[in-house]
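Before any comments, here is the structure.
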Ligand SMILES: [Zn+2]
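Numbering (my numbering), first residue to last: 39 to 282.
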């Protein structure tokens, strides 16, 4: 399949043999997605394994298809009780077979003349290192650790109504650390002001500490879409979300 065939309206070739016949444009690294995916699909994530089947990263669908299309990765798909590996072409073929019986938990990318199932896991075919695991401290990860719950009044709020509070105020030397930063609603944050909790007569719901696992990852795993990731993520604590 090449980009021209999708744009011109012919159905993309799905068979393995098509790969040797078709010429992929040498300068085309943008993949086969001819029409922009729906926003929900765009926000979907793909777990990346290295060649040794170790989880190394989480990327978006578009980036995953770039890697697949350039033969740098393959799809790992769970079906009938086992994992199966698919090249881009065979994945397209599988998608064609399944297009009439989509499941609600699936995301589909619609091209001009075809649809392809969004994979949940891909495996890099040449990369076998394990990147350094690092958990960034920022607003998103603190809110995720505290489960969007104000650590003073204990109520749950949407992201827009939450702020970060330094338990020991910055003016008193309190640092931006996992042990000194909590999620607080605007009312509690204003009430506390530049005071410590005892001075403001406020009590923390939970003593803040560095999370033992990545809170952003825990949020993802609670979504049934990514249930399959658990196979590779036991004990993994890396930085995701901070740069997304
Ligand atoms: Zn509050």
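We put the CB at the ideal spot given by N, CA and C, even for glycine.
Query	Result
By C-beta, the residues closer than 6 Å to any heavy atom of ligand 1, given in chain order	188, 190, 191, 193, 222, 223, 225, 226
Candidates 259, 174, 201, 215: closest to residue 82 by CA position	259
Span separating the alpha-carbon of residue 147 from that of residue 134	12 Å
6 Å Cβ shell around residue 212 - same chain, five flanking residues per side excluded	204, 206, 218
Simplified DSSP assignment, three categories, for residue 173	coil
Contact between the stretch 181-201 and the stretch 225-234 (3+ Cβ pairs under 8 Å)	yes
Selection from 158, 257, 168 that minimises the alpha carbon distance to residue 98	158
Identity of the residues DSSP links to residue 234 by a beta bridge	Its beta-bridge partners do not exist; DSSP assigns none.
Beta-carbon gap between residue 145 and residue 86 smaller than 7 Å	no
Neighbourhood of residue 264 by C-beta, 6 Å cutoff - its chain only, sequence neighbours within 5 removed	258
Residues bridged to residue 114 [DSSP beta-bridge criterion]	123
Residue 172 versus residue 251: straight-line alpha-carbon distance, rounded	11 Å
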